[in-house]
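Going by the working numbering, the sequence shown opens with residue 3, and the numbers climb by one from there. Where a beta carbon is used, it is the ideal one built from N, C-alpha and C, also for glycine. In this text the structure is predicted, and so the values were computed from the model without any measurement.
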Amino acid sequence: MTATLEPDKMKANQDKFYGREREFVYKFNVGSQCFELTVPLKFPVKENPNNLHGRLMLLHNLPCFIESDLKESLSQFIEEESLRDYDREAEAALEALKSGEVDLHQLTSAWAKTYAETTLEHARPEEPSWDEDFADVYHDLIHSPASETLLNLEHNYFVSISELIGERDVELKKLRERQGAEMDKVMQELGKSLTDQDVNSLAAQHFESQQVLENKWTSELKQSTAIQKQEYQEWVIKLHQDLKNPNNKSISEEIKVQPSQFRESVEANGRIYEDQRKLEESFTIHLGAQLKTMHNLRLLRADMLDFCKHKRNHRSGVKLHRLQTALSLYSASLCGLVLLVDNRINSYSGIKRDFATVCQECTDFHFPRIEEQLEIVQQVVLYARTQRRSKLKEPNDSGNRNGGNDDKTKNIERNYSNILPGEFYITRHSNLSEIHVAFHLCVDDNVRSGNITARDPAIMGLRNILKVCCTHDITTISIPLLLVHDMSEEMTIPWCLRRAELVFKCVKGFMMEMASWDGGISRTVQFLVPQAPFTSFYLFQKQPETLHSCLLEISTVDRGVVSLFGVRSALFVAMNSKGRLYGTPSFQEECKFRETLLPNNYNAYESDLYRGTYIALSKHGRIKRGNKVSPAMTVTHFLPRI
Numbered sequence: 003m004t005a006t007l008e009p010d011k012m013k014a015n016q017d018k019f020y021g022r023e024r025e026f027v028y029k030f031n032v033g034s035q036c037f038e039l040t041v042p043l044k045f046p047v048k049e050n051p052n053n054l055h056g057r058l059m060l061l062h063n064l065p066c067f068i069e070s071d072l073k074e075s076l077s078q079f080i081e082e083e084s085l086r087d088y089d090r091e092a093e094a095a096l097e098a099l100k101s102g103e104v105d106l107h108q109l110t111s112a113w114a115k116t117y118a119e120t121t122l123e124h125a126r127p128e129e130p131s132w133d134e135d136f137a138d139v140y141h142d143l144i145h146s147p148a149s150e151t152l153l154n155l156e157h158n159y160f161v162s163i164s165e166l167i168g169e170r171d172v173e174l175k176k177l178r179e180r181q182g183a184e185m186d187k188v189m190q191e192l193g194k195s196l197t198d199q200d201v202n203s204l205a206a207q208h209f210e211s212q213q214v215l216e217n218k219w220t221s222e223l224k225q226s227t228a229i230q231k232q233e234y235q236e237w238v239i240k241l242h243q244d245l246k247n248p249n250n251k252s253i254s255e256e257i258k259v260q261p262s263q264f265r266e267s268v269e270a271n272g273r274i275y276e277d278q279r280k281l282e283e284s285f286t287i288h289l290g291a292q293l294k295t296m297h298n299l300r301l302l303r304a305d306m307l308d309f310c311k312h313k314r315n316h317r318s319g320v321k322l323h324r325l326q327t328a329l330s331l332y333s334a335s336l337c338g339l340v341l342l343v344d345n346r347i348n349s350y351s352g353i354k355r356d357f358a359t360v361c362q363e364c365t366d367f368h369f370p371r372i373e374e375q376l377e378i379v380q381q382v383v384l385y386a387r388t389q390r391r392s393k394l395k396e397p398n399d400s401g402n403r404n405g406g407n408d409d410k411t412k413n414i415e416r417n418y419s420n421i422l423p424g425e426f427y428i429t430r431h432s433n434l435s436e437i438h439v440a441f442h443l444c445v446d447d448n449v450r451s452g453n454i455t456a457r458d459p460a461i462m463g464l465r466n467i468l469k470v471c472c473t474h475d476i477t478t479i480s481i482p483l484l485l486v487h488d489m490s491e492e493m494t495i496p497w498c499l500r501r502a503e504l505v506f507k508c509v510k511g512f513m514m515e516m517a518s519w520d521g522g523i524s525r526t527v528q529f530l531v532p533q534a535p536f537t538s539f540y541l542f543q544k545q546p547e548t549l550h551s552c553l554l555e556i557s558t559v560d561r562g563v564v565s566l567f568g569v570r571s572a573l574f575v576a577m578n579s580k581g582r583l584y585g586t587p588s589f590q591e592e593c594k595f596r597e598t599l600l601p602n603n604y605n606a607y608e609s610d611l612y613r614g615t616y617i618a619l620s621k622h623g624r625i626k627r628g629n630k631v632s633p634a635m636t637v638t639h640f641l642p643r644i
């Protein structure tokens, strides 16, 4: 705690006693010779004496046996001279008080203000914000009998916004169809009665009409969500206040009314929409050398946005996963999701647009809208880039930058509001189905190649995301296993196996590292692969014109049992009792095959009806008898499907 004189007096005293150079003199003997080291020092000395004496030893090539004595002498000299400066400054301040140059009342006021600001007993208590109060109220209600009413009300609001979005889409579709018909007519008259200028003018009119309509609906949606948020928060506060009154009997009736209405609508409608079936498998692992920590792993075939979307269900009420998400909203058990995005912070294209669309379908009653959060992120990134640019331009670092660093600096200067691969930004949500936090990880086209390593920016970004999860109570995180959201032609089965192995190994190392970050808390990591990345595979190589004849669709019939269907022939693969393969247009018992994963990571297909008979193909593509082969023979080995 410090209190000073008036700014002008203080600056005058500092200029008087500070900024002077003083010589540090050190004498030492080497043999019979006496040496003297003289070093000019500018006070106050901002550099650490330990670092300064090391530089002196290296710069003047001093003998090592004087290092300790030099360090002690230098530290003592700096301490003594600094104390003298402080004494001189204090004496000057006292003289100024005696002579009346300083206002005594102003000085005492400054001392009192400084003392009050730095002492806890005089500090003002922080006033709770509206968000904190609402969070506490919501947390109490969601863990009370009123939870079902809250979630049904949220679902009711969601259906209203969804209907409004549906009307918007229909109106936009009609406008585009009408404009498309107008443009077709104009193009037919191009070169006859109309010119290119007429076409351009019509296109400009169409674009302006679309913009006006989109802006109109955007404004209406924004207004509707704002009204819903205000109504919801006021209703929650009122309900919480009424519940505190034990004599209020109307509250219990109010809580029971809304759910019953929803149930009646379900019974009247009689239509229940099931979730899209997901293929998933769960594992429990123990990591650690001595103190082992248990973690849950899940492998799922699903779309990333399936964890965000709500199901309308024709107002069918509350789903259990939505209830769990609401219960853990203000808890130490949050759920996160990793989205792979480009370096632009917006919601205009790709999965960013799809994610923003899902967020807009339901009002967020606790956090700002996705557009507002992205605007804040843009401002933070712009500020961070400005700070980074100023550091890169410091003259002290100019000699260390060359080549690639110059290119990187130019790229940063050119794209001030963009982020770099491996960096990520976070958005918070209370209106999504199963997640609370979205990590938007920036990746480039390099993730689609097959040569990324454990030091790739995308992998290091995953490490930083897991670290944030450990420090901010995110216990469930969903990660795209292949680091892509959709498949392409170059992503073959070997490519997928290599990528999955890399991600598994890296995440395992990061999870073992977590033990030192959070003390070994059990977590759930979900690895997602795109929906049906391979709905078929090639049994053997053919010429391009006959590839369609080799294309098979594999469908799951029962646990571990599949069927094989020829796309071109429209026949099911079947095996008779003699082990011969044949095709049949109708599905029957002989079309069932048990899919077995062999120790070498290949699959074998055994007839479910005639055990011990396997599908087998020679290296020339000829079919072999199923009862003449065994899983030990390579003719029965097929690449696994993902």
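Item                                                                                                                                                                                      : Value
According to the Cβ coordinates, are L2 and L58 closer than 8 Å?                                                                                                                          : Examination of residue 2 is not possible in this model, given that the chain is present from 3 through 644 alone.
Less than 8 Å between the CB atoms is what I'm expecting for I617 and Y604, so what's the real figure, rounded?                                                                           : Actually they are not in contact, since the Cβ atoms of I617 and Y604 sit about 12 Å apart, beyond 8 Å.
For the region 331-340 against the region 156-176, are there 3 or more C-beta pairs whose distance is under 8 Å?                                                                          : no
Near T478, which residues of its chain fall below 6 Å by C-beta distance, leaving aside the five closest residues on each side in sequence?                                               : C337 and T526
Leaving out five residues on either side along the sequence, give the residues of the same chain with a beta carbon under 8 Å from the beta carbon of V188.                               : L196, D200, V201 and L204
Just the C-alpha distance for I454 and L85, rounded to the nearest angstrom, thanks.                                                                                                      : 58 Å
How many Å lie between S609 and L153 at the Cα?                                                                                                                                           : 49 Å
Considering only DSSP beta bridges, list what A576 is partnered with.                                                                                                                     : Y584
Could you compute how far the alpha carbon of S349 sits from the alpha carbon of L215?                                                                                                    : 19 Å
Excluding the 5 residues flanking V139 on each side, which residues of the same chain have their C-beta closer than 8 Å to its C-beta?                                                    : V238, I239 and H242
Verify whether the separation of the beta carbon atoms of L504 and A572 is less than 8 Å.                                                                                                 : no
Identify, in the order they occur along the chain, each residue of the same chain with its Cβ nearer than 7 Å to the Cβ of L177, setting aside the five sequence neighbours on each side. : S211, Q212 and L215
Tell me whether H297 is buried or exposed, calling it buried when 16 or more other Cβ atoms sit within 10 Å of its Cβ.                                                                    : buried
V569 and L553 look like a contact to me (Cβ under 8 Å); what is the Cβ gap, rounded to whole Å?                                                                                           : 4 Å
To the nearest angstrom, how far is the alpha carbon of V360 from that of F441?                                                                                                           : 16 Å
Rounding to the nearest angstrom, what Cα-Cα distance links E592 and L641 in this structure?                                                                                              : 22 Å
Can you grab the Cα-Cα spacing for the pair G562 / P601, in whole Å?                                                                                                                      : 16 Å
Could you spell out the range, first to last residue, of the beta strand (DSSP E) harbouring T636?                                                                                        : Per DSSP, T636 belongs to no beta strand (DSSP E) and is neither H nor E.
Taking the CB atoms as reference points, tell me whether N629 and G581 lie closer together than 8 Å.                                                                                      : yes
So who's on the other strand from C36, going by DSSP bridges?                                                                                                                             : N31
If you reduce the DSSP assignment to three classes, tell me which class M296 lands in.                                                                                                    : strand
With distances taken from CA atoms, which of K246, F529 and I229 is nearest F285?                                                                                                         : F529
I'd like the list of long-range same chain contacts for P51, defined as Cβ closer than 8 Å, with 5 residues on each side in sequence excluded.                                            : K73, L76, S77 and I80
Can you tell me which of R390, T638, Y418 and R613 puts its alpha carbon nearest to the alpha carbon of R624?                                                                             : T638
Just the C-alpha distance for M306 and K294, rounded to the nearest angstrom, thanks.                                                                                                     : 30 Å
Just to confirm, is the Cβ distance from G424 to A460 under 8 Å?                                                                                                                          : yes
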